[in-house]
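With the numbering used here applied, the sequence shown corresponds to residues 504 to 699, in that order.
Quick reminder that beta carbons are idealized off the backbone N, C-alpha and C, glycines included.
Below is one structure; the comments refer to it alone.
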Amino acid sequence: MTHQNIKTICLYCGSSNGKDPAYVQAAQEFGALLAQTGLKLVYGGGDVGLMGAAARAAYDAGGKVKGIMPRFLRTRERLFDEVETVVVDSMHERKMLMFEDSDAFVVFPGGVGTLEEVIELLSWRRLDLHKKPIIFFNQNCYWNPFFDMISYTIGQGFTPEAFKRTYMSVDKVSDILKAVSHMSTQDEDIDTRKVM
């Protein structure tokens with residue numbers, strides 16, 4: 504897959520704002536960046552938290568946005584009905600549609616739901632079920648404890664060292680799409696966990 508083949512980016516992130524306003528600002532910056540570069544955003548479908556901030560910024564900047572929302576959450580989360588929204592029956596169906604509709608994945612700070620989504624995505628990559636780029640936006644070193652856990656499982660012999668090649672980490676919004684492009688064309692023998 505080359506960068507030219509990447510048309511749609513899935514965003515995994517929190518449905519809360521987090522304590523630092525910089526998280527919301529970064530999500531807004533990323534949504535606007537996708538719109539400016541002509542990339543479609545696929546996300547969880549709500550108008551709350553970091554995901555809502557990114558989706559609204561992309562929409563306000565003239566970008567294409569697709570939300571995928573489980574039916575039971577429509578009564579719990581504020582909706583963003585101005586964009587295309589697909590309503591599904593379960594969380595499993597939501598994740599599968601998000602996966603199928605996306606060429607690459609970007610992971611912003613989030614809670615247990617974000618962790619659950621990205622763990623499955625990384626597991627599928629580990630099993631060679633896909634080769635799609637996975638980029639962590641490591642704002643304020645947010646994902647460092649997660650990376651430490653991955654390293655611990657490698658050190659204990661439960662995960663191969665090569666697993667670190669299945670994702671990249673950046674700490675500036677402006678570097679996210681560079682990392683997506685790099686991962687879409689990288690040689691499998693090069694370890695590029697961190698770019699820039």
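According to DSSP, what are the bridge partners of residue i?
i, result
"Gly549", "Leu582"
"Ala538", "Beta-bridge pairing links Ala538 to no other residue."
"Cys513", "Val545, Phe608"
"Pro663", "Paired residues: none, contrary to the question."
"Lys569", "Val545, Glu587"
Considering only C-alpha positions, which residue in the set the options is nearest to residue i?
i, options, result
"Gly548", "Arg628, Ile657, Cys516", "Cys516"
"Ala535", "Asp550, Ala561, Ile512", "Ala561"
"Lys522", "Glu623, Arg574, Gly613", "Gly613"
"Ala564", "Cys513, Lys543, Thr669, Arg668", "Lys543"
"Arg597", "Leu576, Val609, Phe583, Pro524", "Leu576"
"Ala557", "Ser654, Gly616, Tyr526", "Tyr526"
"Asn508", "Pro636, Trp646, Asp678, Tyr645", "Pro636"
"Ser677", "Gln539, His595, Thr511, Cys513", "Gln539"
"Met594", "Glu620, Ile638, Val551", "Glu620"
"Asp592", "Arg574, Val609, Phe583", "Arg574"
"Ile626", "Met652, Phe608, Phe666, Asn643", "Correcting the residue identity first, residue 626 is Ser in this sequence and not Ile. Per the Cα distances, Phe666."
"Pro663", "Leu553, Arg628, Glu585", "Arg628"
"Phe483", "Val586, Met599, Leu582, Val610", "There is no way to answer for residue 483, as the model of the chain reaches only from 504 to 699."
"Leu553", "Thr688, Met686, Glu585, Ser518", "Ser518"
"Met686", "Leu537, Ile622, Lys634, Ala529", "Lys634"
"Gln528", "Gly555, Tyr655, Gly541, Ile622", "Gly555"
"Val615", "Ser672, Leu537, Phe649", "Phe649"
Is the distance from the Cβ of residue i to the Cβ of residue j below 7 Å?
i, j, result
"Val590", "Met601", "no"
"Val545", "Asp606", "no"
"Val683", "Ile638", "yes"
"Asp674", "Asn647", "no"
"Cys513", "Phe661", "no"
"Thr588", "Gly566", "no"
"Asp631", "Phe583", "no"
Got a sec, what are the start and stop residues for the alpha helix (DSSP H) residue i sits in?
i, result
"Glu596", "594 to 603"
"Leu618", "615 to 629"
What are the boundary residues of the beta strand (DSSP E) that includes residue i?
i, result
"Lys681", "Looking at the DSSP string, Lys681 is not in any beta strand (DSSP E); the run it does join, the alpha helix (DSSP H), is 679 to 688."
"Pro648", "No beta strand (DSSP E) contains Pro648, which is instead part of the alpha helix (DSSP H) from 647 to 658."
"Phe639", "637 to 640"
"Val591", "587 to 591"
"Ser474", "Not covered by the structure: residue 474. The range shown for the chain is 504 to 699."
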